[in-house]
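Following the working numbering, the numbering of the sequence shown begins with 37 at its first residue and continues without gaps.
Cβ coordinates follow ideal geometry from the N, Cα and C atoms, glycine included.
Values in this document were obtained by computation on a predicted structure and should not be read as measured data.
Working notes, beginning with the structure itself.
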Amino acid sequence: MNRMPDAVYREFEAVVGRRNISRDPAVLETYRAIPAQSSDHRGPHEGKTPMPQAVILPGSTEEVQGVVRLCNRYGIQFKAATTFWSVMGYIGSEASVQLDLRRMRTFEIDARNQVAVLEPYVIGGAIQAEAMKVGLTLNIPGVGCSSSVVASTAGWVGFGPTSISMGCASENMLGAEWVLPSGEILRTGSLGAGAGWFCGEGPGPSLRGILRGKQGTAGSFGVCTRMAVRLHPWPGPAAIPTRGTVPAYKASLPDNFKAYTLCFPTWEAYADAIRLFHENDVLFLGHRQFNMFGRDIKAAMIRILNDPDLQLADLPALCEDPYLKEQNEKMKIDIQVILAGQTARDTDYKEMAVDRILEITGGWKSEMMLDKELADWVLLYLIRMGHKNLNYVLCGAYEGNFGLSSNVYVSASVMEEASDLKRKWEEQGTAIAAVGGDSDMGSICIMGGGGSTGWEFFTHFDAYEKASTRGTAEFFNATQAWMNEKGLGVDMGKWNQSARRPDGFYFSQAEQDAMFEKLPQPLVTEYQFKVREAFNPNDLCGSYYRTLDPNRASRRRNEG
Numbered sequence: 037m038n039r040m041p042d043a044v045y046r047e048f049e050a051v052v053g054r055r056n057i058s059r060d061p062a063v064l065e066t067y068r069a070i071p072a073q074s075s076d077h078r079g080p081h082e083g084k085t086p087m088p089q090a091v092i093l094p095g096s097t098e099e100v101q102g103v104v105r106l107c108n109r110y111g112i113q114f115k116a117a118t119t120f121w122s123v124m125g126y127i128g129s130e131a132s133v134q135l136d137l138r139r140m141r142t143f144e145i146d147a148r149n150q151v152a153v154l155e156p157y158v159i160g161g162a163i164q165a166e167a168m169k170v171g172l173t174l175n176i177p178g179v180g181c182s183s184s185v186v187a188s189t190a191g192w193v194g195f196g197p198t199s200i201s202m203g204c205a206s207e208n209m210l211g212a213e214w215v216l217p218s219g220e221i222l223r224t225g226s227l228g229a230g231a232g233w234f235c236g237e238g239p240g241p242s243l244r245g246i247l248r249g250k251q252g253t254a255g256s257f258g259v260c261t262r263m264a265v266r267l268h269p270w271p272g273p274a275a276i277p278t279r280g281t282v283p284a285y286k287a288s289l290p291d292n293f294k295a296y297t298l299c300f301p302t303w304e305a306y307a308d309a310i311r312l313f314h315e316n317d318v319l320f321l322g323h324r325q326f327n328m329f330g331r332d333i334k335a336a337m338i339r340i341l342n343d344p345d346l347q348l349a350d351l352p353a354l355c356e357d358p359y360l361k362e363q364n365e366k367m368k369i370d371i372q373v374i375l376a377g378q379t380a381r382d383t384d385y386k387e388m389a390v391d392r393i394l395e396i397t398g399g400w401k402s403e404m405m406l407d408k409e410l411a412d413w414v415l416l417y418l419i420r421m422g423h424k425n426l427n428y429v430l431c432g433a434y435e436g437n438f439g440l441s442s443n444v445y446v447s448a449s450v451m452e453e454a455s456d457l458k459r460k461w462e463e464q465g466t467a468i469a470a471v472g473g474d475s476d477m478g479s480i481c482i483m484g485g486g487g488s489t490g491w492e493f494f495t496h497f498d499a500y501e502k503a504s505t506r507g508t509a510e511f512f513n514a515t516q517a518w519m520n521e522k523g524l525g526v527d528m529g530k531w532n533q534s535a536r537r538p539d540g541f542y543f544s545q546a547e548q549d550a551m552f553e554k555l556p557q558p559l560v561t562e563y564q565f566k567v568r569e570a571f572n573p574n575d576l577c578g579s580y581y582r583t584l585d586p587n588r589a590s591r592r593r594n595e596g
């Protein structure tokens, strides 16, 4: 790695202060990551992202702008990140600096307009706790309450359990203050007109669509330094009363909150129920959560997580318990839902609507999950989304794959076939945990109005065993082949394989051109090349924004 010249380093230091920049190798090493988590699946044995030339902690929009302007002057790439959930937040070239936005953590709640204005390092749990004091809350995405609201709203996907009632991130993003890769400051929507934060759009082309779009650009369009997000009514107390002990904390909420695990005889009935939930607007929250452990063991895992005296070593015996086996079978096709009535009458209506939907679809409420202690555990688990550590509890590592996020009827129709494929791989080796094939979990809604789902199969593996990591990668190759055969698109475990090379580095433009000129619709990436040229002329933010050079594409069309 080439060392940053002392004179350049001092210029960055002058922007943020001596305490907020470092090139100590011990510090720089901590800002490297394994290229995994919906990227190019690999374990720690294969390598890491490159080491940055410096780590910089700006504390304001002006300091971010100063850093970005220096990057343009010296041709240095940069990447900004907050809570560093995945490899997407890390740099991908040696001629780069890493921006860590942890100093930018202020926020304010505008209760009258149901808006929160916040900086990048503010997490969902902090906004939720303060918003509840004034009768409001926010959509916390599947990544959990300890993640950055700005990152999930402006940068990547952002749907979650409450998206069925609150919409996903792109729908909750209002005005934003954005330092573009060029160093200019852009203010979008009503903020750009000096009219406050309340609206994410203005006249003309959608800048929100360019900067965020449907999926997000994973930090490839500069740095969002402040943003407003929409808040939603919270019909509960000013703070969630809790009881219990680790790990089974429970919510003691009033009777207008109900948590149920709903079960269905077939996947078609399941899809019908989800359609009816959207059409009748009765759910506060809908999510398939505990199946992440696997169809064969979820009842036993729920028992372990709710008893401080039990541990994973008790799993084999619990899986043979007759009652848990019976309940597990009844929860084969299930979903967790939460009702939140605004009044007693509203609560009664929603209860009756759920019962009627179950009657229409032949569904039922899980007997085991009707236990009040379990129901109150579910309430806290899903409203707060604060148990993300449990994603890793089985084997120490996991990745989501398949990613069946199309129309709910399409996804439901292939669920058993996908489960059978995963079960085959579980049984033929030890690379991935054998949990019954079906380990599908996720939100029943990824956009307002419904239709599409946010499902993924949790694949549990041992990240520190080469055979396990490589076997998991081979399994993902098999699931991608299956998804190609079914016309279902890119496997979730490979969503970002075109954004970062297997060695942890970004792709060059020539490498991207070679990939994207073969797309069925290459004009999409040609258009994005033109957008990038306008907003990021020096190409300083990496290859997560997929681009195809129109000149290369034109030559290929002429030759073909």
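{"Check": "Identify every run of the alpha helix (DSSP H) within the region 416-467, keeping only runs that are complete inside it and at least 4 residues long; order them along the chain.", "Outcome": "444-449 and 451-464"}
{"Check": "If we count the other Cβ atoms within 10 Å of its Cβ and call it buried at 16 or more, is D291 buried or exposed?", "Outcome": "exposed"}
{"Check": "What does the Cβ neighbour count give for S74, buried or exposed, with the cut at 16 atoms within 10 Å?", "Outcome": "Residue confidence is low: S74 scores 48 on pLDDT, short of 50, so the model does not pin down where it sits. Its coordinate-derived value is still stated next. Buried is the call here."}
{"Check": "Going by beta carbon distance, what residues of the same chain come within less than 7 angstroms of R141, once the five residues before and after it are set aside?", "Outcome": "E155, Y157 and V158"}
{"Check": "Is it right to say G203 is buried, meaning 16 or more other beta carbons lie within 10 angstroms of its own, or is it exposed?", "Outcome": "buried"}
{"Check": "Does the Cβ-Cβ distance between V153 and F143 come in under 8 angstroms?", "Outcome": "yes"}
{"Check": "Decide if E562 is buried, meaning its Cβ has at least 16 other Cβ atoms within 10 Å, or exposed.", "Outcome": "buried"}
{"Check": "Check whether the Cβ atoms of V170 and I200 sit closer than 8 angstroms, and answer yes or no.", "Outcome": "no"}
{"Check": "Less than 7 angstroms separating the Cβ of R381 from some heavy atom of the ligand GDP?", "Outcome": "Ligands are entirely absent from the displayed structure, and the ligand GDP is therefore not among its contents."}
{"Check": "Please determine, among A380, I396 and M405, the residue with the shortest C-alpha to C-alpha distance to E362.", "Outcome": "M405"}
{"Check": "When DSSP builds the beta bridges, which residues end up paired with Y542?", "Outcome": "R536"}
{"Check": "Pull the bridge partners of E213 from the DSSP assignment, please.", "Outcome": "R223 and R262"}
{"Check": "Distance, Cα to Cα, S58 vs N208?", "Outcome": "36 angstroms"}
{"Check": "Just confirm the distance between the C-beta atoms of G272 and M337, as a whole number of angstroms; I'd bet it's less than 8 angstroms.", "Outcome": "Actually they do not touch by this definition, with Cβ atoms about 28 angstroms apart."}
{"Check": "Where does S288 land, buried or exposed, given buried means 16+ other C-beta within 10 angstroms?", "Outcome": "exposed"}
{"Check": "Could you check which residue in G255, L210 and Y434 has the C-alpha nearest to that of N572?", "Outcome": "G255"}
{"Check": "Give the straight-line distance between the Cα atoms of E237 and R568, rounded to the nearest whole angstrom.", "Outcome": "20 angstroms"}
{"Check": "So if DSSP puts F493 in a beta bridge, which residue, or which two residues, is it bridged to?", "Outcome": "N437 and D476"}
{"Check": "Look up S74 in the DSSP assignment and say whether it is helix, strand or coil.", "Outcome": "Unreliable positioning characterises S74 in this predicted model, as indicated by a pLDDT of 48, which lies under 50. The coordinate reading is nonetheless provided below. If DSSP states are grouped into helix, strand and coil, S74 belongs with coil."}
{"Check": "Only counting the same chain, and skipping five residues up and downstream in sequence, which positions put a Cβ closer than 8 angstroms to that of P344?", "Outcome": "T281, V282, P283 and A284"}
{"Check": "Tell me whether the beta-carbon of A147 lies closer than 8 angstroms to the beta-carbon of L174.", "Outcome": "no"}
{"Check": "From A117 to L137, what does the alpha carbon distance come to, in whole angstroms?", "Outcome": "6 angstroms"}
{"Check": "Under the three-state reduction of DSSP, which class applies to Q372: helix, strand or coil?", "Outcome": "strand"}
{"Check": "So for H81, helix, strand or coil by DSSP?", "Outcome": "coil"}
{"Check": "In the DSSP assignment, what are the bridge partners of S91?", "Outcome": "Just to set this straight, residue 91 is Val in the shown sequence, not Ser. S58 and Q134."}
{"Check": "Quick one, which of E82, G53 and Y45 has its alpha-carbon nearest A503's?", "Outcome": "E82"}
{"Check": "Note down, in chain order, each residue of its chain lying with its Cβ closer than 6 angstroms to the Cβ of L227, except the 5 sequence neighbours on either side.", "Outcome": "G211 and W233"}
{"Check": "Give the single residue among I276, L267, L247 and L394 whose Cα lies nearest to the Cα of A307.", "Outcome": "L394"}
{"Check": "If A309 and L298 are in contact, beta carbons under 8 angstroms, what's the gap, nearest whole angstrom?", "Outcome": "7 angstroms"}
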